[in-house]
Amino acid sequence: MLRNESNSGLAEMAGKDEPEYLVNQSSHTCLTVVRGTGPADAVLAMAKCTGRARQQWFVHEGQWQWGSNRSYCLVPDDKGSVGLAPSATSRVVWTLDAADRMVVGSHALDVPWEKPRTRVIMYPKHNYSNQQWWTLSSLKSCLGTTEHNTSHCLPEAIAHVCQHETQCSNDRHPQEAADYLISQSTHTFVTVLSGTGPDDAVVGLAPYEGSKRQQWFVKDGQWQWGGNLSFCLAPDWNSHTIKLASCSSNSHFWSLDSNGVFSFESFVLDVPWEQPRTNIIMYPKHGGENQRWWTLSGLKSASNRKIYPFSAQDHNKYKQEVARGFINKLSPLSEPIPHTRDVEDFPGRVAPTTPRINANIPLDITSLGHRENLRMTLPENWKATDFYVAAGDVFHVILPETLSLERASQITVRVGAQCDCLEPSSANVSGRNFNRFPLVTEEFDVEPGVNSMRCQFGGNLIFMFDEGDHFNITVEVRNVVRAPRYILGQNNALQWQNMKQLDAPFSILETHKVVVVVPTITARNITDPQGLLLRYDDVMSKLEFLSGFDETDPPPRGKQWLVDDVQIKAGSAHAGFPAMFDRYCYDLCCPSTPHDWVTWHELGHNYQQGKWWSYAYGSETTVNLFSLYIQEKLKGEDRLKKENQYMKTAAAVDKGLTFIEADCWQKLVFLMEIKHAFPQSGWEMFRRLNRTTRSLPLNEANTLASRTSHQYDYVYKILSRSVGSDLILHYHRWGLPISQEAQTEIKRLELPMAPADLSGREYCSP
0 MLRNESNSGL
10 AEMAGKDEPE
20 YLVNQSSHTC
30 LTVVRGTGPA
40 DAVLAMAKCT
50 GRARQQWFVH
60 EGQWQWGSNR
70 SYCLVPDDKG
80 SVGLAPSATS
90 RVVWTLDAAD
100 RMVVGSHALD
110 VPWEKPRTRV
120 IMYPKHNYSN
130 QQWWTLSSLK
140 SCLGTTEHNT
150 SHCLPEAIAH
160 VCQHETQCSN
170 DRHPQEAADY
180 LISQSTHTFV
190 TVLSGTGPDD
200 AVVGLAPYEG
210 SKRQQWFVKD
220 GQWQWGGNLS
230 FCLAPDWNSH
240 TIKLASCSSN
250 SHFWSLDSNG
260 VFSFESFVLD
270 VPWEQPRTNI
280 IMYPKHGGEN
290 QRWWTLSGLK
300 SASNRKIYPF
310 SAQDHNKYKQ
320 EVARGFINKL
330 SPLSEPIPHT
340 RDVEDFPGRV
350 APTTPRINAN
360 IPLDITSLGH
370 RENLRMTLPE
380 NWKATDFYVA
390 AGDVFHVILP
400 ETLSLERASQ
410 ITVRVGAQCD
420 CLEPSSANVS
430 GRNFNRFPLV
440 TEEFDVEPGV
450 NSMRCQFGGN
460 LIFMFDEGDH
470 FNITVEVRNV
480 VRAPRYILGQ
490 NNALQWQNMK
500 QLDAPFSILE
510 THKVVVVVPT
520 ITARNITDPQ
530 GLLLRYDDVM
540 SKLEFLSGFD
550 ETDPPPRGKQ
560 WLVDDVQIKA
570 GSAHAGFPAM
580 FDRYCYDLCC
590 PSTPHDWVTW
600 HELGHNYQQG
610 KWWSYAYGSE
620 TTVNLFSLYI
630 QEKLKGEDRL
640 KKENQYMKTA
650 AAVDKGLTFI
660 EADCWQKLVF
670 LMEIKHAFPQ
680 SGWEMFRRLN
690 RTTRSLPLNE
700 ANTLASRTSH
710 QYDYVYKILS
720 RSVGSDLILH
730 YHRWGLPISQ
740 EAQTEIKRLE
750 LPMAPADLSG
760 REYCSP
């Protein structure tokens, strides 16, 4: 379709429609022009949704015109990605199809899975969520009329009244709490303006004052006046206004419908538009804004509504929750958050009375990045703090005005360490329930000066650093609450006893090797934080040892993070950064958890040398080399022996089982048979394997990673050299193919030939 509109025509269209946003359903980030101003230099990528013009789009006849300059539109480029082109001449028409894909021809807009997940490409259509997109209009439309007026864009003054009255009523019995009747048109309150009873009372509207003159107690449809409970609100049919009447003789029972209309029979409470708008009349129902009302009890109920858990099959509710979250992100900080979040159970609520504080935080950004040859899952540059951001609070991070924009861009503020993004298709969600919002953590870019932010869910305040300049600064944070943070070697038991009573839903436990994020309510059961953290530290040291790290080949500079969550995307725990643990399966505060197989296993995944050799010999196999090593050192046990895996596997290989056919435990036996057959080498053979892999030049490492057969050969050669024997017969027995070239290389070393059967049946029985 040829576009012939002039620039003036495009300008004329601006303002007549609202901007759209393209939000990827797998990353919850927005398609953004991150650099450049036009077709020649524009760079498009995925970025945090901020509401800036660079990530706004206007849809016109299949064109997606850029919010910063509508004379340019979104187009596929000749590099398999997307860029900008002149709207007037572009023939590209995008289709948002029924599967939520942005399609041109046979290709769709795609966000690859590789981290940091900022790339966007054109890729052949498929049905995975990284090709599925939300738009702002589709998210808004899914809310429809399901949102009660009380929960959407509540005026700031009314929101403050709700907060104040909620605090004041905390000590009262629910039946003793007064209600208020509030006009949605004037934001003022039904009040007995003067008088004390039916003979002289004047009822009208007044600003909030919290006195008994504005308070009402609802009983069996009657609205009893707070100033004297023997009098009730009643229609005055003589003047078509409202009055007080004796409750004992009053048969007028009011009703408030779901649209906020306060009625008696066919007449409703109405606020005339004439100034000063203090009068209230009885008027036929038309449902306009001046006939709609809030009640304090309704506002409180809406703000505290329980949403979770809900069924993963309820796709409409899932989309509604995402819509609320996205609208909250785009809402001005000067206004109350449009949709209050269900955080009571998770992540947790900070009491309104808990002191909000300001503090200075030193940031040491003098050590960044990692050696290029570590070849493992690397810990990221995260800094834990002693602070927590309460859900819905506006907080501030103040960077020095003298800091350059380039250096400020290296700093990101994160609220919350629970990073798993849940989808209906996630293993722990599919066929079950959503137990929390799909993505509870939020990230914020910062600039020199004052940065004001709001996190709708709340969480621990964390700073993240990108590679670049090395420097030290001090930042100020405002309107945060103090959170428990115990650092091994810096805090003592008495300090822990005091800090664990702080009103922050999550606590931080930290050493120089590991950070553990746990619910404060559970952390209060910890009596010996030093002993617990020494156990975690010891496990980390053992992982580093088997990885072959030492003084000349030091481990990664950063800390591994272990994080508690109410629901993770897969498994009872999973590796990665951070490593996530389901609280219903594991208690990270329990002294036995550092010595649990799951901890060794998941953290072991982070130390695997994946595509260089670990995956070829089995991801779930080679990770358990770490588990078996730690189990042996801590408990003097061998799970394979205890479960009779050595004997059962040896018998299966006798019958023709090959390595390729074997399960993960049988493949682990293949490796451990070598370790047991050569006790003089023992665990050192695997340390050497890891060290050697790190020492490979980049070109050799890339060649090794290119083929599984290369990796079979590589490990065969390293292990043969380590044990001082040619292991080829062992490989033949297991049917694991080794190239003639590799066999010849080891044969030239004139090593003795190891037996074919290394099963060691005489010492491997349970």
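With the first letter of the sequence shown counted as 1, position 36 gets the number 35 in numbering that gives the first Met the number 0; the numbers rise by one all the way through.
No residue lacks a Cβ here, since even glycine has one placed at the ideal position from N, Cα and C.
Since the structure is predicted, the reported quantities are computational estimates derived from the model, not experimental observations.
Sheet register partners of residue i (DSSP bridge)
i, result
"S262", "S254, V267"
"H395", "S451, R477"
"K218", "Q221"
"K242", "A233"
"C72", "Q64, A84"
"Q559", "V513"
"L21", "T134"
"G203", "T190"
"G458", "V388"
"T31", "A44"
"E441", "V414"
"P361", "T473"
Exposed unless 16 or more other CB atoms sit within 10 angstroms - verdict on residue i
i, result
"F394", "buried"
"Q312", "exposed"
"M752", "exposed"
"D16", "exposed"
"C663", "exposed"
"N701", "exposed"
"A492", "exposed"
"S425", "buried"
"P173", "Any reading at P173 is ruled out, since the residue's pLDDT is 44, under 50, leaving its predicted position unreliable."
"G82", "buried"
"L21", "buried"
"H338", "buried"
"R760", "exposed"
"N129", "buried"
"R453", "buried"
"H314", "exposed"
Residues near residue i by beta carbon distance below 6 Å, same chain, minus five either side
i, result
"E442", "K47, T411, R413"
"Q290", "V260, V267, D269"
"S67", "A52, R53"
"S571", "D581, C584"
"K634", "none"
"V201", "L192, S193, G194"
"S80", "I120"
Distance between beta carbons of residue j and residue i, contact taken as under 8 Å
i, j, result
"L750", "S724", "5 Å"
"Y122", "A107", "6 Å"
"V474", "L398", "6 Å"
"W112", "G61", "Their Cβ separation, rounded to whole angstroms, is 28 Å, which puts W112 and G61 out of contact at 8 Å."
"N439", "G458", "For the sequence presented, residue 439 should be read as Val rather than Asn. That belief holds up - the Cβ atoms of V439 and G458 are roughly 7 Å apart, short of 8 Å."
"F436", "G324", "6 Å"
"R355", "V480", "6 Å"
"S70", "A87", "7 Å"
"C589", "A522", "Rounded, the Cβ-Cβ distance is 11 Å, inconsistent with contact."
"I461", "A390", "Rounded, the Cβ-Cβ distance is 16 Å, inconsistent with contact."
Other residues of its chain near residue i: CB distance less than 7 Å, five sequence neighbours each side excluded
i, result
"L726", "I673, Y715, L718, S719, A753"
"G203", "T190, L192, T277, N278, I279"
"D527", "none"
"Y711", "A615, L735, P736, I737"
"W810", "An answer regarding residue 810 cannot be provided, because it is not within the stretch 0 to 765 covered by the chain."
"S182", "L204, V270, W292"
"M579", "D419, V562, D564, I567, A572, H573"
Sequence-distant residues of its chain with Cβ nearer than 8 Å to residue i (five each side left out)
i, result
"E683", "S721"
"E631", "D637"
"G557", "H369, L377, P378, E379, N380, W381"
"H151", "Since pLDDT at H151 reaches only 40, below the 50 mark, its modelled position is unreliable, and the value read off the structure follows with that caveat. Excluding positions up to five away in sequence, the list reads P337, H338."
"D595", "Y585"
Quiz prompt | Three or more C-beta pairs below 8 Å linking the stretch 532 to 546 and the stretch 601 to 612 | solution = yes
Self-check item: Touching by the beta-carbon criterion (3+ pairs, under 8 Å), the stretch 234 to 254 and the stretch 275 to 286
Solution: yes
Quiz item: Does the stretch 644 to 660 come close enough to the stretch 732 to 747 to have 3 or more Cβ pairs within less than 8 Å?
Solution: yes
Quiz item: For the stretch 630 to 641 against the stretch 607 to 616, are there 3 or more C-beta pairs whose distance is under 8 Å?
Solution: no
Self-check item: contact_flag[the stretch 355 to 371, the stretch 473 to 487] where n(CB pairs < 8 Å) is 3 or more
Solution: yes
Quiz item: Per the contact definition of three or more C-beta pairs closer than 8 Å, is the stretch 207 to 214 in contact with the stretch 176 to 190?
Solution: yes
Quiz item: Are at least three pairs of beta-carbons, each pair with one atom in the stretch 507 to 516 and one in the stretch 530 to 543, less than 8 Å apart?
Solution: yes
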